[in-house]
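Some notes on the structure that comes next.
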Amino acid sequence: MSNIESVLHENRVFEPSAEFVKQANISGMSAYKALCEEADQDYEAFWARLARDNLLWHKPFDKTLDESNPPFFKWFHDGELNASYNCLDRHLNTQPNKVAIIFEADDGTVTRITYKQLYHRVCQFANGLKSLGIKPGDRVVIYMPMSIEAVAAMQACARIGATHSVVFGGFSAKSLQDRIGDAGAVAVLTADGQMRGGKEIPLKPVVDEAIAMGGCDSVKHMVVYKRTGSNIKMQDERDVWLSDLVQNQLDVCEPVWVNAEHPLFILYTSGSTGKPKGVQHSTAGYLLHAILTMKWTFDFKGSDVFWCTADVGWVTGHTYIAYGPLAVGATQVVFEGVPTYPKPDRFWKLINEFGVTVFYTAPTAIRSLIKLGADLPKNYDLSSLRLLGTVGEPINPEAWIWYYETVGGKRCPIVDTWWQTETGGHLITPLPGAIPMKPGSCTMPLPGIMCDVVDETGESVEKGSGGILVIKKPWPAMIRTIWGDPERFKKTYYPEDFQGKYYLAGDGASRDLDGYFWIMGRIDDVLNVSGHRLGTMEIESALVAHDLVAEAAVVGRPHDVKGEAVIAFVVLKGDRPTGEESKEIAKTLRDWVGKDIGAIAKPEEIRFGDNLPKTRSGKIMRRLLRAIAKGEEITQDVSTLENPQILDQLKETV
Ligand code: WTA
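Under the numbering used here, the first residue of the sequence shown is numbered 29, with each subsequent residue one higher.
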């Protein structure tokens with residue numbers, strides 16, 4: 029049974045324990061409903077109250093929401109603040125010596141840094157960046173390993189009003205070049221390399237390669253954090269070691285007060301066309317949501333040890349490592365390595381060692397850890413855990429139950445958080461002390477988030493049926509625009525289909541009779557592989573850029589660990605290869621995609637045909653390709669196909 033079918037048959041309900049409810053920040057359904065009502069009654073007043081209660085303002089705002097130029101909404105836009113001040117300075121009087129980050133390196137070395145130390149580290153870093161001439165509004169690309177320094181780098185940018193754009197360390201030189209060029213970055217902050225699973229992976233050499241490809245003339249500086257100590261080349265004028273840059277810098281730095289709408293960061297994500305989109309976020313609205321969801325979804329308490337296993341290269345690592353936990357003053361774990369090294373018990377070992385109370389990871393990680401050792405958690409004392417979370421993709425009920433029982437000891441609620449790079453933070457999720465859970469459902473929208481499931485015309489569908497997930501009112505943490513392409517922003521997220529009124533999430537969803545939301549996956553050409561978003565067009569463009577390839581079509585196929593796997597159908601310029609030759613070419617092309625985009629985009633399988641199934645008007649019939657990839661019998665009508673015999677070829681695996 030596919031995940032979608034299995035969740036639709038899922039009707040178990042798990043109530044949070046009385047004990048959890050009693051201590052919860054939002055305690056019981058009535059507390060949840062009261063907040064929803066507050067938002068219903070006066071939407072702007074609701075958000076204004078939260079923004080005043082949760083953020084420290086340098087200049088308070090009077091105007092809450094500006095809707096004069098939809099869909100370019102502005103929130104709190106006559107106010108001024110600084111994100112780094114809100115994450116660090118606010119704790120200096122109350123808890124300077126509290127540990128902010130417990131960092132565990134790949135090899136197990138542990139480093140702890142307090143709020144006060146982190147504050148000074150960030151200030152020195154910020155002063156260093158200023159000494160290079162980096163100004164408010166400049167874009168700075170960060171291509172760094174999971175480390176205290178990566179968090180400090182993001183905070184330092186925020187402190188001086190520079191807009192950061194973090195690129196995941198697994199992305200290729202080509203992907204990096206695209207992003208540096210699109211953002212027009214003046215500096216790149218990187219490291220010599222990173223350690224993952226005992227292996228050293230170069231970073232600075234990849235930045236050099238990206239810059240050598242051209243189109244990155246905006247880059248004037250590169251700051252290099254020494255992580256691995258490997259031998260790398262430094263370019264005199266341009267490159268500086270982080271340790272040299274900060275050496276003589278003051279350890280205090282007045283924050284630059286920015287407008288609430290000032291772009292805190294740009295984060296590139298895949299869309300349904302070839303070019304990744306630079307999702308631009310604001311300062312105030314974004315940070316407000318990071319704080320609120322730490323309190324609401326993660327039920328944050330001062331005594332918590334919080335651990336989000338995401339990389340800072342993804343939005344989850346932005347909101348729930350670099351900003352949210354710091355803004356609420358949490359102690360959090362930051363981990364450099366991988367869950368399977370040296371053994372697949374690493375997560376459980378760390379939870380045990382550091383007394384983690386709130387643990388947040390991806391379903392794909394859970395599924396792979398079940399495979400590699402379903403009993404391993406039993407070797408560790410996981411009794412410190414009180415709350416679990418998942419993110420990035422639907423979780424299948426089997427994995428949910430295992431997580432609930434084996435990791436959470438049937439004691440911990442699970443928050444299955446639905447959100448996107450564009451939404452800034454959680455939008456649909458159980459509130460752990462209020463909303464009963466159903467395995468596989470992200471349950472209910474947060475207070476103030478007006479979600480609905482609609483049909484193609486924008487009409488709400490009845491409970492019990494499926495449709496398109498939309499958000500009917502702007503919310504403070506929403507994407508502001510696509511960097512450099514406001515038209516694309518408008519077209520993608522506020523399409524004419526709904527008279528430009530609703531935010532289109534790009535996901536299908538259904539709502540059951542209790543009003544619970546069930547996410548059914550993307551409705552566009554975006555794949556979700558191990559919780560990472562990949563555009564099929566991006567991979568297709570990479571494939572056709574290879575000399576051997578004439579044409580390519582990429583689809584997703586359900587995968588029991590990754591959620592979805594990338595399957596590519598390829599037509600070569602020469603003859604269709606068979607036997608050994610096809611294996612060799614498939615390998616060449618997989619490596620090529622890895623080099624062009626990054627290892628996460630490598631097709632799981634490549635199949636070759638003399639052509640692709642097309643309609644008479646030349647449109648590739650992806651529906652058929654998806655069926656073929658799954659090994660399904662073709663029951664669809666193929667009479668409009670130009671070349672039906674091609675289907676048999678494409679059934680053959682390499
Ligand atoms: C999917 C990650 C089901 C969804 C935070 C969304 C989910 C895309 C869930 C965004 C969930 C995320 N259940 N599907 N709990 N969370 N998704 O931008 O398809 O990397 O549109 O943000 O992941 O991926 P992104």
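Backbone N, C-alpha and C fix where the C-beta goes; we use that ideal spot for every residue, glycine too.
query	result
How is the beta strand (DSSP E) around A537 delimited, first residue to last?	Y531 to R539
Measuring only the C-alpha atoms, how far is T681 from E66?	57 Å
So, is N31 buried or exposed, given that buried needs 16 or more other C-beta atoms within 10 angstroms?	Here N31 scores only 47 on pLDDT, less than 50, and its place in the model is too uncertain to base an answer on.
Give me, in chain order, the residues of the same chain whose beta-carbon lies closer than 8 Å to that of I141; leave out the 5 immediate sequence neighbours on both sides.	V127, A128, I129, F131, R149 and I176
Taking the alpha helix (DSSP H) that Y147 falls in, what are its first and last residues?	Y143 to S159
Work out the CA separation of G468 and M29 for me, nearest whole Å.	Residue placement at M29 is flagged as unreliable, the pLDDT there being 34, under the threshold of 50; a coordinate-derived value is accordingly withheld.
Can you tell me the Cβ-Cβ gap for G352 and T321, rounded? I've got them flagged as a contact below 8 Å.	7 Å
Pick out whichever of G549, F326 and F196 has its Cα sitting closest to the Cα of G626.	F196
With a threshold of 7 Å, establish whether the CB of A533 neighbours any heavy atom of the ligand SAM.	As for the ligand SAM, it is missing from this structure, which binds only the ligand WTA.
Identify which residue in A219, I239, A76 and P475 has its Cα closest to the Cα of S271.	A219
If we ignore side chains and look at the alpha-carbon of each, how far apart do L474 and K323 end up?	12 Å
Taking the alpha-carbon positions, what's the G536 to K144 distance?	45 Å
Secondary structure at F334, three-state DSSP: helix, strand or coil?	strand
For K248, I'd like the list of residues in its chain whose CB is within less than 6 Å of its CB, leaving aside the five on either flank, ordered along the chain.	V214
Three-state secondary structure (DSSP) at T256?	coil
Assign G161 to buried or exposed, taking buried as 16 or more other Cβ atoms, counted over all protein chains shown, within 10 Å of its Cβ.	exposed
Do C697 and the ligand WTA come close, with the Cβ less than 7 Å from some heavy atom?	There is simply no residue 697 to check, as the chain begins at 29 and stops at 682 in what is shown.
Within its chain, find whatever has a CB closer than 6 Å to the CB of H454; leave out the 5 residues flanking it on each side and keep chain order.	T321, T325, T445 and W447
Could you say if the region 325-341 and the region 95-107 meet the contact criterion of at least three C-beta pairs nearer than 8 Å?	no
Would you mind stating whether L397 and P372 have Cβ atoms separated by less than 8 Å?	yes
Could you name each continuous beta strand (DSSP E) segment of 3 residues or more that falls completely within the region 248-310, going from the start of the chain to the end?	249-253, 267-269, 293-297 and 305-309
Quick one: is the Cβ of E566 within less than 7 Å of any heavy atom of the ligand WTA?	no
May I have the straight-line CA-CA distance separating V361 from V138, to the nearest angstrom?	10 Å
Give me, in chain order, the residues of the same chain whose beta-carbon lies closer than 6 Å to that of T347; leave out the 5 immediate sequence neighbours on both sides.	A318 and G453
Return yes when at least one heavy atom of the ligand WTA lies under 7 Å from the C-beta of W503, else no.	no
Of the choices P460, M506, E484 and A462, whose alpha-carbon is the least far from that of M478?	M506
Report yes or no: do the region 495-506 and the region 98-118 share at least 3 C-beta pairs separated by less than 8 Å?	yes
Contact between the region 40-55 and the region 454-464 is defined here as three or more beta-carbon pairs at a separation below 8 Å; is this criterion met?	yes
Would you give the residue range spanned by the alpha helix (DSSP H) that A427 belongs to?	P425 to W430
In chain order, what residues of the same chain have a beta carbon less than 7 Å from the beta carbon of A184, not counting five sequence neighbours either side?	V150, F153, A154 and L157
In whole angstroms, what is the alpha-carbon distance linking T392 and M548?	16 Å
Near S411, what residues of its chain come up, given a Cβ to Cβ distance below 8 Å and the 5 sequence neighbours on each side ignored?	G437
For the ligand WTA, is there a heavy atom less than 7 Å away from the beta-carbon of R550?	yes
In whole angstroms, what separates the C-alpha of G165 from that of G189?	6 Å
Three-state secondary structure (DSSP) at N31?	Legend: pLDDT at N31 = 47, less than 50; position of this residue unreliable, no value from coordinates given.
Verify whether the separation of the beta carbon atoms of D90 and D70 is less than 8 Å.	no
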